[in-house]
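**Q** Below you will find the structure I want to go over with you.
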Amino acid sequence: MIPALFVFTYLAVVLYVGVFAFRRSGRNESAEDYFLASRSLGTAVFLLSLFGTNMTAFTILGSSGHAFSNGIVTFGLMASASALIIPVTLFSIGTRLWALGKRFGFMTPVQFFRDRWECGHIGTLIFVVQAALLVPYIIIGVMGGGSTLAAISGGWVPYWLGGALVALVVMGYVFFGGMRGTAWVNTLQTMLFLSFGTAALAVIGGGMGGFRQAAEEMLNSPATAPLLTRERVSPWFFLSYTFIPLSTIAFPHINIFCLTARRMQQFKPTVILYPLCLLAIWLPSVFLGVMANRAVTVPAIAAKLEARRTLAVQGQDLLPDRRVELRQAAAGDDVIVLLLNHYAPVWLAGLLGAGIMAAVMASDSQILALSTMFTEDIFAFYGGKERFGPAAQVHTGRVFVLGLTAVAYLIALQAPASIFELAVQYAFSGYSALFPLLVAALFWRGSTKWGALASAVWTACAVVTVALFQYVVPAPHSGPPTVVWTFFGAAALARTPGGTAVFGLMPVVPMVLISFLLMIVVSLLTRQPSKQTLQRYFSKVD
Amino acid sequence: MRYVLAGTVIAVYLLHQDWWFWTAARPLVFGFMPVGLFYHGVYCLLCSALMILLVRFSWPAPFDEPAASSPRSEEKGR
Numbered sequence: 001m002i003p004a005l006f007v008f009t010y011l012a013v014v015l016y017v018g019v020f021a022f023r024r025s026g027r028n029e030s031a032e033d034y035f036l037a038s039r040s041l042g043t044a045v046f047l048l049s050l051f052g053t054n055m056t057a058f059t060i061l062g063s064s065g066h067a068f069s070n071g072i073v074t075f076g077l078m079a080s081a082s083a084l085i086i087p088v089t090l091f092s093i094g095t096r097l098w099a100l101g102k103r104f105g106f107m108t109p110v111q112f113f114r115d116r117w118e119c120g121h122i123g124t125l126i127f128v129v130q131a132a133l134l135v136p137y138i139i140i141g142v143m144g145g146g147s148t149l150a151a152i153s154g155g156w157v158p159y160w161l162g163g164a165l166v167a168l169v170v171m172g173y174v175f176f177g178g179m180r181g182t183a184w185v186n187t188l189q190t191m192l193f194l195s196f197g198t199a200a201l202a203v204i205g206g207g208m209g210g211f212r213q214a215a216e217e218m219l220n221s222p223a224t225a226p227l228l229t230r231e232r233v234s235p236w237f238f239l240s241y242t243f244i245p246l247s248t249i250a251f252p253h254i255n256i257f258c259l260t261a262r263r264m265q266q267f268k269p270t271v272i273l274y275p276l277c278l279l280a281i282w283l284p285s286v287f288l289g290v291m292a293n294r295a296v297t298v299p300a301i302a303a304k305l306e307a308r309r310t311l312a313v314q315g316q317d318l319l320p321d322r323r324v325e326l327r328q329a330a331a332g333d334d335v336i337v338l339l340l341n342h343y344a345p346v347w348l349a350g351l352l353g354a355g356i357m358a359a360v361m362a363s364d365s366q367i368l369a370l371s372t373m374f375t376e377d378i379f380a381f382y383g384g385k386e387r388f389g390p391a392a393q394v395h396t397g398r399v400f401v402l403g404l405t406a407v408a409y410l411i412a413l414q415a416p417a418s419i420f421e422l423a424v425q426y427a428f429s430g431y432s433a434l435f436p437l438l439v440a441a442l443f444w445r446g447s448t449k450w451g452a453l454a455s456a457v458w459t460a461c462a463v464v465t466v467a468l469f470q471y472v473v474p475a476p477h478s479g480p481p482t483v484v485w486t487f488f489g490a491a492a493l494a495r496t497p498g499g500t501a502v503f504g505l506m507p508v509v510p511m512v513l514i515s516f517l518l519m520i521v522v523s524l525l526t527r528q529p530s531k532q533t534l535q536r537y538f539s540k541v542d
Numbered sequence: 543m544r545y546v547l548a549g550t551v552i553a554v555y556l557l558h559q560d561w562w563f564w565t566a567a568r569p570l571v572f573g574f575m576p577v578g579l580f581y582h583g584v585y586c587l588l589c590s591a592l593m594i595l596l597v598r599f600s601w602p603a604p605f606d607e608p609a610a611s612s613p614r615s616e617e618k619g620r
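So the protein lines, in turn, are chains U and Y. First residue of the first sequence? That's 1 in the numbering used here, and the numbers climb one at a time after it. First residue of the second sequence? That's 543 in the numbering used here, and the numbers climb one at a time after it.
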């Protein structure tokens, strides 16, 4: 119960930060102030809150859980690839978005697309695709809050109450504080979970008597030795995973966040320090997740290892329901909480629990981004601002925050988490496939609204097709993938235990490449925007 | 200089695919960290160094201080 008290204190603090940000904004009720903090964030807040905005429940809980089951490959797949791709896209795309936002007053990517390509309803369709891919995130955030609070309190706080508390707190500081409150809370959260990694490593390492013996024992066991290498993962799969971080800059909550910097110079420390922040949080989480395989004195972890062993030995002979049950029992998403509860003193477990909670509560910026998009791309664009005035725009944004959080909470109570976890998995690929829109709009004067439409429709169709494919073709229990289509003897389309493979690659690769191809071909066949528009966007760099 | 930097970014991207440590766990760096994990930790440091180079030699200066605002798209009325 004591760790939960630390978490409650933390929740109270972040709620106060939101209210403080509300007071700080004074009588400034403009949309730009509420949604973008008047484009005024300083260097430290911009770096820490941008990083925090991009870190989710998966960063600590999911990464250590994935590493528990899959080994050190987790770091190469999800952290080091991002350490290159994300700063490079922030440097090349984020800076230009910031400059154009400042020059033309854009607050959302759709506003930029509408102006750049001289389109109206195509922008609305892009909004719909973006929103559909973002909503599952928000629901997962509420679910993560409920289950994490339940785990930290040892079940004392039930899932429904934990979810409600987290939803209320997030709703509170986003409602009152807008972007300023969200950025300040994210800054606090990032500082908390950056210190989490080192502290957790020291405490758990001390509790386990150091990691040397654990590493040697893992290497000496045929069951765990492969977790310290990447031999179970195909190099093509590893390579194709580098397409996933392209999604980051295409996520609305990230590219809207790029507009909040006071000066473009603030991107400099951000892009240089971003890989180091990733290193500081991901390396300890992944390493601890791997080492949890030797924490057999923790009863709950021993039960997970036993479930995994049963699955490996008897998996083929078990009934499907039993297999699902064992898979759930072997899942490692809570290993880091279990390690902390076992090895850390109660007060430290509470502090570190607050750090985990900070990562779980990343849905704030997504809620605010969706609210910004709705009020700017739908409400204002279709005449709401003209009819009801600028003040109504901010009120609409706030009401949208309330409604969206309430709906997300109700869905989180009813629906199984697995559905939304899958949807989030597709969302990454979907946003990666929307990446060509940003590249074309910023760097290619020949791109057209029809090319953008083709890419957006392709993205929506591809995401739905992959989801349907994985629903219709059951995942093989283990071993080789189920090949559905061969092309000249090569496995063109296959169902793997973890998803889908297209010529051995993740679906994100063809999704991005075809999206680029459609943008190019359709743009070449259709009429460009007017000369005036092209001059406005490209005169400075010509 | 732009081409040299673009080539460097591509080279760093390719270094992510470290097939030379694919099946190796040893040596255990500091006695406990598998070499493949250590390599990717160092890779993050390399990425940070690359970003220093990009910021130093390829900063998009023409965009640095944009001109004054002009009307937003929704204010044009469609």
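Virtual Cβ for every residue (Gly too), placed ideally from N, Cα, C. As the structure is a prediction and not an experimental result, all values here were calculated from the model.
1. Who are the neighbours of residue 80 of chain U on chain Y, taking C-beta pairs under 7 Å?
2. With a threshold of 7 Å between beta-carbons, can residue 565 of chain Y be considered close to chain C, or not?
3. Taking DSSP as the reference, what is the three-state secondary structure of residue 262 of chain U?
4. Drop a sphere of 10 angstroms on the beta-carbon of residue 232 of chain U, count the other beta-carbons inside from all chains shown, and report buried for 16 or more, exposed for fewer.
5. Taking residue 188 of chain U and residue 14 of chain U to be in contact with their CB atoms under 8 Å, please state how far apart those CB atoms are, rounded to whole angstroms.
6. Which word fits residue 275 of chain U, buried or exposed, when buried means at least 16 other C-beta atoms lie within 10 angstroms of its C-beta?
7. Residue 485 of chain U by DSSP, collapsed to three states: which one?
8. Pop quiz: residue 163 of chain U and residue 259 of chain U are said to be a contact at Cβ under 8 Å. What is the actual Cβ separation, rounded to whole angstroms?
9. Could you please give me the residues that DSSP links to residue 571 of chain Y through a beta bridge?
10. Please report the Cβ distance between residue 370 of chain U and residue 168 of chain U, rounded to the nearest whole angstrom; I am assuming they are in contact, meaning their Cβ atoms lie under 8 Å.
11. Nearest chain Y C-beta to residue 372 of chain U closer than 7 Å, yes or no?
12. Assuming residue 151 of chain U contacts residue 334 of chain U under a Cβ cut-off of 8 Å, what Cβ separation, rounded to an integer in Å, is found between them?
13. Could you have a look at residue 362 of chain U and say whether DSSP puts it in helix, strand or coil?
14. Using 10 angstroms around the beta-carbon of residue 463 of chain U, count the other beta-carbons present and answer buried if the total reaches 16, otherwise exposed.
15. DSSP three-state call for residue 41 of chain U: helix, strand or coil?
16. Report the neighbours of residue 231 of chain U on chain Y: residues whose CB is nearer than 8 Å to its CB, in chain order.
17. In the DSSP output, what is residue 500 of chain U paired with across the bridge?
18. Among U/249, U/204 and U/117, which has the Cα closest to the Cα of residue 428 of chain U?
19. How would you list, in chain order, the residues of chain Y whose beta-carbon sits under 7 Å from the beta-carbon of residue 72 of chain U?
20. Applying the 10 Å Cβ sphere with the 16-neighbour rule, what's the burial state of residue 160 of chain U?
21. Can you tell me which of the three DSSP states residue 183 of chain U falls into?
22. Taking the alpha-carbon positions, what's the residue 166 of chain U to residue 374 of chain U distance?
23. Cα-Cα, which of U/299, U/87, U/288 and U/192 is closest to residue 574 of chain Y?
24. Counting only Cβ pairs nearer than 7 Å, list the residues of chain Y close to residue 228 of chain U.
25. With a threshold of 16 other CB atoms inside 10 Å of the CB of residue 23 of chain U, please say whether the residue is buried or exposed.
26. So, under 8 Å CB-CB, residue 108 of chain U and residue 272 of chain U are touching, yes? Tell me the CB distance rounded to an integer number of Å.
27. Just how far apart, CA to CA, sit residue 80 of chain U and residue 579 of chain Y?
28. From the DSSP output, in three-state form, read off residue 319 of chain U for me.
29. Could you give the uninterrupted runs of the beta strand (DSSP E) lying entirely in the region 371-455 of chain U, keeping only those of 3 residues or more?
30. Please compile the residues from chain Y whose C-beta is within a distance smaller than 7 Å of the C-beta of residue 244 of chain U.
31. Consider the Cβ of residue 95 of chain U: report whether some Cβ of chain Y lies at a distance smaller than 7 Å.
32. Contact defined as beta carbons within less than 8 Å: I believe residue 526 of chain U pairs with residue 129 of chain U. What is the distance between those atoms, to the nearest angstrom?
33. Please check the pair residue 90 of chain U and residue 267 of chain U, which I expect to be a contact at CB under 8 Å, by giving their CB distance rounded to whole angstroms.
34. At least one CB of chain U closer than 7 Å to the CB of residue 634 of chain Y: is that the case?
35. Report all residues from its chain with a CB closer than 7 Å to the CB of residue 262 of chain U; omit the five preceding and five following residues, and keep chain order.
36. Looking at the C-beta of residue 76 of chain U, does it have a partner C-beta in chain Y at a distance below 7 Å?
**A** In short, the structure shows the following:
1. Start at 1 with the first residue of the first sequence, and residue 80 of chain U comes out as number 80. Within 7 Å Cβ-Cβ: 558, 582, 585 and 586.
2. As a matter of chain content, chain C is missing from the structure shown, whose protein chains are U and Y.
3. One-based indexing of the first sequence puts residue 262 of chain U at position 262. Note: residue 262 of chain U maps to coil in three-state DSSP.
4. For the purposes of this step, residue 232 of chain U is identified with residue 232 of the first sequence, where counting begins at 1. When all chains shown are included, residue 232 of chain U counts as exposed.
5. Residue 188 of chain U sits at position 188 when you count from the first residue of the first sequence. Residue 14 of chain U sits at position 14 when you count from the first residue of the first sequence. Contact flag correct, Cβ pair sits at about 7 Å.
6. One-based indexing of the first sequence puts residue 275 of chain U at position 275. The residue in question, residue 275 of chain U, is buried, as its Cβ has 16 or more Cβ neighbours within 10 Å.
7. To locate residue 485 of chain U, count along the first sequence from 1; it is residue 485. Three-state DSSP puts residue 485 of chain U in a strand.
8. Taking the first sequence and counting its residues from 1, the one referred to as residue 163 of chain U is at position 163. Taking the first sequence and counting its residues from 1, the one referred to as residue 259 of chain U is at position 259. Their Cβ separation, rounded to whole angstroms, is 31 Å, which puts residue 163 of chain U and residue 259 of chain U out of contact at 8 Å.
9. Position 29 of the second sequence, counted from the first residue, corresponds to residue 571 of chain Y. For residue 571 of chain Y, which the question treats as bridged, DSSP gives the partners Y/575.
10. Within the first sequence, residue 370 of chain U is the residue found at index 370, counting from 1. Within the first sequence, residue 168 of chain U is the residue found at index 168, counting from 1. Residue 370 of chain U to residue 168 of chain U, Cβ: 18 Å. No contact.
11. Looking up residue 372 of chain U in the first sequence gives position 372. With 7 Å as the cut-off, residue 372 of chain U does not count as an interface residue toward chain Y.
12. In the first sequence, the residue the question calls residue 151 of chain U occupies position 151. In the first sequence, the residue the question calls residue 334 of chain U occupies position 334. Yes, they are in contact, since the Cβ atoms of residue 151 of chain U and residue 334 of chain U sit about 5 Å apart, within 8 Å.
13. The residue you call residue 362 of chain U lines up with position 362 of the first sequence. The answer is coil: DSSP assigns residue 362 of chain U none of H, G, I, E or B.
14. Walking along the first sequence from the start, residue 463 of chain U turns up at place 463. Residue 463 of chain U should be labelled buried.
15. If you number the first sequence from 1, residue 41 of chain U lands on position 41. It is a strand residue.
16. If you number the first sequence from 1, residue 231 of chain U lands on position 231. The contacting residues are 564 and 565.
17. Taking the first sequence and counting its residues from 1, one reaches residue 500 of chain U at position 500. Residue 500 of chain U pairs with U/495.
18. In the first sequence, residue 428 of chain U corresponds to position 428, counting from 1. Residue U/249 is the option with its Cα nearest to residue 428 of chain U.
19. Numbered from 1 along the first sequence, position 72 holds the residue referred to as residue 72 of chain U. Within chain Y, the residues near residue 72 of chain U are 576, 578 and 579.
20. Here residue 160 of chain U corresponds to residue number 160 of the first sequence, with the count starting at 1. Per the 10 Å Cβ criterion, exposed.
21. One-based indexing of the first sequence puts residue 183 of chain U at position 183. Residue state, collapsed to three classes: helix.
22. Counting from one through the first sequence, the residue named residue 166 of chain U turns up at place 166. Counting from one through the first sequence, the residue named residue 374 of chain U turns up at place 374. Approximately 23 Å, taken between the alpha carbons.
23. On the second sequence, position 32 is the one that residue 574 of chain Y refers to. Measuring from the Cα of residue 574 of chain Y, the nearest candidate turns out to be U/288.
24. Numbered from its first residue, the first sequence carries residue 228 of chain U at position 228. Neighbours of residue 228 of chain U on chain Y, chain order: 567 and 576.
25. Counting from one through the first sequence, the residue named residue 23 of chain U turns up at place 23. It counts as exposed.
26. Position 108 of the first sequence, counted from the first residue, corresponds to residue 108 of chain U. Position 272 of the first sequence, counted from the first residue, corresponds to residue 272 of chain U. Residue 108 of chain U to residue 272 of chain U, Cβ: 27 Å. No contact.
27. As a working mapping, residue 80 of chain U is identified with position 80 in the first sequence. As a working mapping, residue 579 of chain Y is identified with position 37 in the second sequence. Approximately 10 Å between the Cα atoms of the pair.
28. The sequence position of residue 319 of chain U within the first sequence is 319, counting from 1. Here residue 319 of chain U sits in coil by DSSP.
29. none
30. In the first sequence, residue 244 of chain U corresponds to position 244, counting from 1. Ordered by position in chain Y, no residue passes the 7 Å Cβ test against residue 244 of chain U, which lies about 13 Å from the chain.
31. Counted from its first residue, the first sequence places residue 95 of chain U at position 95. Answer yes: the Cβ-Cβ gap between residue 95 of chain U and chain Y drops below 7 Å somewhere.
32. Locating residue 526 of chain U in the first sequence gives position 526, where the first residue counts as 1. Locating residue 129 of chain U in the first sequence gives position 129, where the first residue counts as 1. Incorrect: roughly 20 Å between the Cβ atoms, too far for contact.
33. By one-based count along the first sequence, residue 90 of chain U stands at place 90. By one-based count along the first sequence, residue 267 of chain U stands at place 267. That belief holds up - the Cβ atoms of residue 90 of chain U and residue 267 of chain U are roughly 6 Å apart, short of 8 Å.
34. What the structure shows of chain Y is the stretch from 543 to 620, and residue 634 of chain Y is not part of that stretch, so it cannot be assessed.
35. Within the first sequence, residue 262 of chain U is the residue found at index 262, counting from 1. Closer than 7 Å at Cβ, skipping near neighbours: 39, 40, 41 and 42.
36. On the first sequence, position 76 is the one that residue 76 of chain U refers to. Yes, contact with chain Y.
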